[in-house]
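Novice: Quick one: the structure is below, questions incoming.
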Amino acid sequence: MTAPIQDLIVVLPGILGSTLAKDGKLIWAPSAGAVLRAITTMGRDIKAMELPEGIGDEHPGDGVRPVGLMPDLHVLPGLWSANIGYDTLLRWLRSKFHLIEASQDDPDQFANLLPIPYDWRLSNRYNGRRLKSIVEPALEKWRSQHPIMADAKVVFICHSMGGLVARWYIDREGGAEITRKLITLGTPHRGALNALEQLVNGTPVGLGPFALKLTRFARSLPSLYQLLSEYACIETPQGLAKTTETPVPELAASRIDDAMCFHAELDAVRLDTYDLHPVVGFRQPTKTTVRFEHGRVVPVYTIEGHDEGGDGTVPRLAATPARFRPDHPTIRSVAERHGALQSNRTVLDELEFVLGARSKPYRVGGQVEISVTVEELILCGEPLVLSATPLDGSRTRLRATVINEAGHEVTSALLEPARPVTIDPLPPGGYTITVGAVGTAATRLAPVTCPLLVWDTRENQ
């Protein structure tokens with residue numbers, strides 16, 4: 003029997019991970035089997051969703067409000083990376099720890115599971131301040147039910163950018179006093195190259211007329227700038243440089259400076275009143291540095307010749323705060339892709355350990371990792387090309403299974419280690435690809451899950 007948790011568990015999603023509504027109508031809310039329809043719906047409102055120049059850390063007053071956490075696969079092409087949603091994580095928390103969510107039907111109910119959506123377009127400073135106005139009353143209410151709860155605190159479980167929102171509240175808005183733990187899953191504590199590539203290069207032109215709209219939208223978001231890498235990541239003749247040390251095509255220096263200031267303000271704080279537990283994706287090919295060619299970003303998967311890896315989106319070196327040593331005892335590494343960390347079995351096992359329900363994490367370090375190379379976005383009619391390698395040097399055969407948004411297997415393919423396999427073109431829509439070992443080796447190799455979007459330009463203009 004799992005011991006009851008007396009603290010308040012707060013779950014924060016990553017960028018794109020909150021549904022958004024305007025004037026009572028959902029404008030960003032993929033539902034099962036409808037990721038393309040959700041993108042098209044948002045595309046019709048994309049101009050109104052752009053943020054004004056100079057918005058800074060404020061709200062534009064445009065009527066957009068966050069509603070809930072994304073339950074299913076979601077992605078905006080060219081904006082960050084695909085994500086499989088948060089239903090698995092929330093369902094696991096409820097069942098494993100018997101947590102109770104707040105209910106609109108029963109506002110007096112005492113709740114200790116608080117998923118908090120936020121307007122991911124806005125600055126992390128703004129959302130960190132907003133977090134204060136939600137978390138502190140919820141904790142006060144939770145504590146009030148019985149004297150034994152008087153010492154309850156908050157445990158944050160944050161995926162991706164949600165960890166930056168939580169850090170701003172904890173370290174800069176007084177939240178450390180009531181925080182017991184901050185668990186980050188693939189949080190880009192030091193940024194990620196995806197943001198730089200997407201902001202400079204724009205949305206892939208293969209998406210048709212929709213690409214220009216998405217590029218303008220992406221470049222208006224303070225949050226996306228705050229995902230820029232804060233470490234020296236740009237190759238120059240003089241060596242690696244930071245984004246503040248060399249001109250960056252297409253981007254205003256003032257916006258880059260403000261984003262780097264955000265990271266510096268977080269890193270300037272050295273609080274030891276709460277525990278920080280970074281869960282880091284690794285072993286997946288990950289863009290780590292860049293070079294500029296003809297005004298465009300060309301990503302490089304190494305840094306000074308070294309392959310650091312990561313989760314396919316966030317480099318391993320950037321998934322912990324700058325003050326953390328690579329061998330810091332609270333860091334846990336899991337061979338998984340960024341958009342699937344929050345539902346990975348090994349990650350859930352690690353959460354159970356950190357939350358105090360187990361004396362040790364059973365799966366961490368107990369299985370051989372698989373490295374998977376695959377695109378997250380392909381155009382309709384293009385074949386799917388992927389390769390995978392067991393990192394124990396074995397010749398174990400692998401299988402890639404493609405699942406559609408309805409949860410049905412549509413195809414599968416056997417892979418020889420390090421040899422690309424081509425899968426026939428898939429119909430437009432969202433998919434997840436699970437790569438694991440065949441036969442008895444399946445218990446020895448931990449599977450890897452990759453989200454995929456197949457885009458049809460004819461239907462998404």
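In terms of this note's numbering, the sequence shown opens at residue 3 and continues consecutively. Backbone N, C-alpha and C fix where the C-beta goes; we use that ideal spot for every residue, glycine too. Quick caveat: nothing in here was measured; it's all calculated off a predicted structure.
Quick one, are the C-beta atoms of P392 and I405 less than 8 Å apart?
Specialist: For P392 and I405, no; Cβs fall outside 8 Å.
Novice: DSSP has C452 in a bridge; who is on the other side?
Specialist: Residue pairing by DSSP places C452 opposite I435 in a beta bridge.
Novice: For T445, which of helix, strand or coil comes out of DSSP?
Specialist: If DSSP states are grouped into helix, strand and coil, T445 belongs with the helices.
Novice: State the DSSP-derived secondary structure class of R272, mapped to helix, strand or coil.
Specialist: Annotated three-state conformation of R272 is coil, per DSSP.
Novice: Have a look at S146, G65, E52 and L71 and flag the residue whose alpha-carbon is nearest the alpha-carbon of L14.
Specialist: L71
Novice: In three-state DSSP terms, what is N85?
Specialist: strand
Novice: Are the region 282-301 and the region 323-341 touching, with three or more C-beta to C-beta distances below 8 Å?
Specialist: With the cut-off at 8 Å, the region 282-301 and the region 323-341 touch.
Novice: Just the C-alpha distance for E55 and S222, rounded to the nearest angstrom, thanks.
Specialist: C-alpha of E55 to C-alpha of S222: approximately 7 Å in a straight line.
Novice: Would L78 and D173 be called neighbours here (beta carbons separated by less than 8 Å)?
Specialist: Taking 8 Å as the Cβ cut-off, L78 and D173 do not qualify as a contacting pair.
Novice: Locate the beta strand (DSSP E) running through T391, then write down its first and last residues.
Specialist: L386 to P392
Novice: Looking at L116: is its Cβ nearer than 8 Å to the Cβ of L209?
Specialist: In this structure, the beta-carbon distance from L116 to L209 does not fall below 8 Å.
Novice: Bridge partners for E411 per DSSP, in chain order?
Specialist: Bridge partners of E411: I405.
Novice: Hey, how far is the Cα of L455 from the Cα of L379?
Specialist: 5 Å
Novice: As an exercise, report each continuous beta strand (DSSP E) stretch of at least 3 residues that is fully enclosed by the region 181-233, in chain order.
Specialist: Complete beta strand (DSSP E) runs here, min 3: 181-187.
Novice: Please report the straight-line C-alpha distance between T322 and D269, rounded to a whole angstrom.
Specialist: 11 Å
Novice: Around the Cβ of I150, are there at least 16 other Cβ atoms within 10 angstroms (buried) or fewer (exposed)?
Specialist: exposed
Novice: Could you check what DSSP says for G367 in three-state terms: helix, strand or coil?
Specialist: Reliability of the predicted coordinates at G367 is poor, the pLDDT of 46 falling under 50, and the value obtained from them is presented with this limitation in mind. Of the three classes helix, strand and coil, the one that applies to G367 here is coil, per DSSP.
Novice: Would you check if the region 294-302 and the region 193-200 touch, i.e. whether three or more CB-CB distances between them fall below 8 Å?
Specialist: yes
Novice: Taking C-beta to C-beta, are G314 and T291 nearer than 8 Å?
Specialist: no
Novice: Which word fits V167, buried or exposed, when buried means at least 16 other C-beta atoms lie within 10 angstroms of its C-beta?
Specialist: Classification of V167: buried, given that the 10 Å Cβ count is 16 or more.
Novice: Kindly provide the ranges of any alpha helix (DSSP H) runs that are 4 or more residues long and lie completely inside the region 297-380, ordered along the chain.
Specialist: Within the region 297-380, the complete alpha helix (DSSP H) runs of at least 4 residues are 347-356.
Novice: Please determine, among S105, R127 and P206, the residue with the shortest C-alpha to C-alpha distance to E60.
Specialist: R127
Novice: Cα-Cα, which of Y303, L417, G58 and V12 is closest to P139?
Specialist: V12
Novice: How big is the Cα-Cα spacing for P211 and C382?
Specialist: CA-to-CA, the gap between P211 and C382 works out to about 16 Å.
Novice: Taking 7 Å as the cut-off, is the C-beta of V167 nearer than that to any heavy atom in the ligand PLP?
Specialist: Absent from the structure shown: the ligand PLP. Ligands present: none.
Novice: Using a beta-carbon distance below 8 Å, is G204 in contact with chain C?
Specialist: Chain labels in this structure do not include chain C; a single protein chain is all it has.
Novice: Please check the pair P385 and P427, which I expect to be a contact at CB under 8 Å, by giving their CB distance rounded to whole angstroms.
Specialist: Confirmed, about 6 Å.
Novice: Is DSSP giving Q463 helix, strand or coil here?
Specialist: Only weak support exists for where Q463 lies, its pLDDT of 49 falling under 50; the value from the coordinates is given anyway. Three-state DSSP puts Q463 in coil, outside helix and strand.
Novice: According to DSSP, what are the bridge partners of W467?
Specialist: No answer is possible for residue 467: it lies beyond the span of the chain, which begins at 3 and ends at 463.
Novice: How would you write the range of the beta strand (DSSP E) that G165 sits in, first residue to last?
Specialist: Looking at the DSSP string, G165 is not in any beta strand (DSSP E); the run it does join, the alpha helix (DSSP H), is G164 to R174.
Novice: Which whole-angstrom value describes the C-beta separation of A320 and A194, a residue pair presumed to lie in contact below a C-beta threshold of 8 Å?
Specialist: 6 Å
Novice: Around the C-beta of P109, are 16 or more other C-beta atoms found within 10 angstroms, so that it is buried, or is it exposed?
Specialist: exposed
Novice: Using the DSSP secondary-structure output, state which residues sit across from L278 in a beta bridge.
Specialist: L184
Novice: R472 lies in the alpha helix (DSSP H); which residues open and close that run?
Specialist: Outside the modelled stretch of the chain, which goes from 3 to 463, sits residue 472, for which no answer is possible.
Novice: Taking 8 Å as the limit between beta carbons, can you name the residues of its chain near M44, skipping five residues before and five after?
Specialist: These residues qualify, in order along the chain: I29, W30, M51 and L78.
Novice: When we look at the beta-carbon of D102 and count the other beta-carbons within 10 Å, is it buried (16 or more) or exposed?
Specialist: Sequence check: residue 102 is Ile here, not Asp. Its Cβ having fewer than 16 others within 10 Å, I102 is exposed.
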